[in-house]
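Every letter in the sequence shown is one number past the one before it in my numbering, and letter 6, counting from 1, is 126. All C-beta atoms, glycine included, are put in the ideal place defined by N, C-alpha and C. Structure, as structure tokens:
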Amino acid sequence: MPEIVEYVREKLDWVAGRILELFTGLTGLKLEEVKARVPEVRRVADARPDLRLPPSGPTCDRY
């Protein structure tokens, strides 16, 4: 049973990491700014050093 819980936690962290990548890319916020505003992000960001986050600035040309 603990293996299943760990597997699900890893998958949820992956999904949360992807959402964080998209959010920072669309808003132009830096990871530190998001971590300061949303404390729950700290755990995901610290657990996922492989996140592909933009350095800063919006990456969406639509706006």
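Helix, strand or coil at residue i according to DSSP, with G and I counted as helix
| i | result |
| --- | --- |
| Lys150 | coil |
| Pro159 | coil |
Residue i classed as buried or exposed, judged by whether at least 16 other C-beta atoms fall within 10 angstroms
| i | result |
| --- | --- |
| Pro122 | exposed |
| Val161 | buried |
| Ala156 | exposed |
| Val164 | buried |
Chain-order list of residues whose beta-carbon lies under 6 Å from that of residue i (same chain, five-residue window excluded)
| i | result |
| --- | --- |
| Ala136 | Val164 |
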